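Taking it in order: structure first as structure tokens, then the write-up.
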Amino acid sequence: MTLFIRPAISSFAMLPSTSIQMGSKVSVSTFSETRKLPILLFDVMDTLVRDPFYQDVPAFFGMSMKELLEIKHPTAWIEFEEGLINEKELYTKFFKDGRSFDLEGLKACLKEGYRYLDGIESLLHRLQRNCYDIHTFTNYPHWYMMIEEKLKLSTYLCWTYCSCNLGKRKPAPESYSAVLQHLEVEPSNCIFVDDRMVNVEAAINAGMIGIHFKDAVSLEKNLCLLGVETSIRGETESENPNPLS
1 MTLFIRPAIS
11 SFAMLPSTSI
21 QMGSKVSVST
31 FSETRKLPIL
41 LFDVMDTLVR
51 DPFYQDVPAF
61 FGMSMKELLE
71 IKHPTAWIEF
81 EEGLINEKEL
91 YTKFFKDGRS
101 FDLEGLKACL
111 KEGYRYLDGI
121 ESLLHRLQRN
131 CYDIHTFTNY
141 PHWYMMIEEK
151 LKLSTYLCWT
161 YCSCNLGKRK
171 PAPESYSAVL
181 QHLEVEPSNC
191 IFVDDRMVNV
201 EAAINAGMIG
211 IHFKDAVSLE
221 KNLCLLGVET
231 SIRGETESEN
241 PNPLS
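Here you go:
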């Protein structure tokens with residue numbers, strides 16, 4: 001896991017044991033009048049939840065990922081994620097040649113493949129119990145509701161920023177600007193976590209703290225180094241959902 005904090009000045013230091021680059025004075029354990037800081041922004045797919053696209057979807061169509069990428073429409077899914085086309089329009093243009101397919105079967109395939117990544121639900125539970133303001137900041141179509149139906153992420157966070165509602169996708173700078181405008185906080189009071197470095201770099205450029213996600217264990221370690229409380233005093237293992245998952 002590599003964690004980056006955009007420096008407010010030109011100083012820049014390295015902590016070798018944790019691959020952390022830090023340079024600014026960041027208020028990560030202070031309180032505003034209305035909410036606890038920092039605000040936590042999480043990508044969803046392959047950060048909180050397994051993304052079925054890379055293994056399950058090619059198998060659903062009976063082809064390899066390479067074959068799927070060659071015949072699917074190059075922009076249809078992106079347009080779907082941005083809310084520019086609806087589900088019916090996705091169906092008509094998903095493949096370059098306009099071939100038909102089992103749309104409901106595809107949705108069922110995706111839903112079956114959604115699951116929390118190891119250790120994530122426990123971490124989210126503890127962050128939520130510690131009263132952090134936690135939001136999604138993810139590129140996904142309105143099918144995110146299938147994730148919610150299966151995994152109930154809203155138990156721990158708010159589905160606040162999805163590209164299908166924002167009309168913008170990471171790493172576009174305007175997507176980060178829109179999030180910050182809505183949150184009404186200084187960028188340095190936001191911690192952004194994503195498995196894609198290009199999105200983390202864009203968050204850093206917007207002034208946020210960025211964490212490149214690798215796994216739940218290293219994520220928790222780096223959150224702790226930033227002063228984020230990840231343990232709950234007096235909680236028993238039975239009260240913590242899937243403590244070993």
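Its first residue numbered 1, the sequence shown is counted upward by one per residue in UniProt numbering. In this text, a Cβ means the ideal position worked out from N, Cα and C, and glycines have one as well. Note that the structure is a prediction, hence the values are computed from the model and not measured.
Item: Locate the beta strand (DSSP E) running through Trp159, then write down its first and last residues.; Value: Cys158 to Cys162
Item: For the beta strand (DSSP E) containing Val193, list its first residue and its last residue.; Value: Cys190 to Asp194
Item: Should the region 44-57 be regarded as contacting the region 198-211, the criterion being three or more beta carbon pairs within less than 8 Å?; Value: no
Item: With distances taken from CA atoms, which of Ile204, Glu82 and Ser231 is nearest Pro187?; Value: Ile204
Item: Pick out whichever of Glu112, Leu68 and Asn86 has its Cα sitting closest to the Cα of Pro52.; Value: Glu112
Item: Could you check whether Val57 and Ile147 sit closer than 9 Å to each other, using their CB atoms as the reference points?; Value: no
Item: So, with DSSP's three-state summary, where would you put Thr136?; Value: strand
Item: Do the region 67-75 and the region 96-103 meet, that is, are 3 or more Cβ pairs less than 8 Å apart?; Value: yes
Item: Name the two residues that bound the continuous beta strand (DSSP E) containing His142.; Value: Counting along the chain, His142 falls outside any beta strand (DSSP E), and DSSP gives it neither H nor E.
Item: Per DSSP, what are the beta-bridge partners of Leu40 in this structure?; Value: Ile134 and Ile191
Item: One question on the structure: do Tyr156 and Glu184 come within less than 9 Å of each other, judged by their Cβ atoms?; Value: no
Item: Identify which residue in Arg126, Cys131, His125 and Cys158 has its Cα closest to the Cα of residue 251.; Value: Here the chain comprises residues numbered 1 to 245, so residue 251 is not present and cannot be evaluated.
Item: Taking its Cβ as the centre, do 16 or more other Cβ atoms sit within 10 Å of Ser175, making it buried, or is it exposed?; Value: buried
Item: Would you mind reading off the limits of the alpha helix (DSSP H) that contains Ile78?; Value: Ala76 to Glu81
Item: Would Lys88 be called buried (16 or more neighbouring beta carbons within 10 Å of its own) or exposed?; Value: exposed
Item: Using the three-state DSSP reduction, which class does Ser29 fall into: helix, strand or coil?; Value: Residue confidence is low: Ser29 scores 36 on pLDDT, short of 50, so the model does not pin down where it sits. Its coordinate-derived value is still stated next. Of the three classes helix, strand and coil, the one that applies to Ser29 here is coil, per DSSP.
Item: What does the Cβ neighbour count give for Lys168, buried or exposed, with the cut at 16 atoms within 10 Å?; Value: buried
Item: Once DSSP output is grouped into helix, strand and coil, what is the label at Tyr116?; Value: strand
Item: From the beta carbon of Val217, is the nearest beta carbon of chain D less than 9 Å away?; Value: Reference to chain D is not applicable here, since this structure consists of a single protein chain.
Item: Taking only runs of the alpha helix (DSSP H) that begin and end inside the region 42-71, which ones reach a length of at least 4 residues, in chain order?; Value: 56-61 and 65-71
Item: DSSP on Val210, reduced to helix/strand/coil?; Value: The question names Val, yet the displayed sequence has Gly at residue 210. Reduced to three states, the DSSP call for Gly210 is strand.
Item: Determine the burial state of Ser154: buried for a count of at least 16 other Cβ atoms within 10 Å of its Cβ, exposed for fewer.; Value: exposed
Item: Count the C-beta pairs between the region 79-88 and the region 217-236 that are closer than 8 Å, then say yes if the count reaches three, no if not.; Value: no
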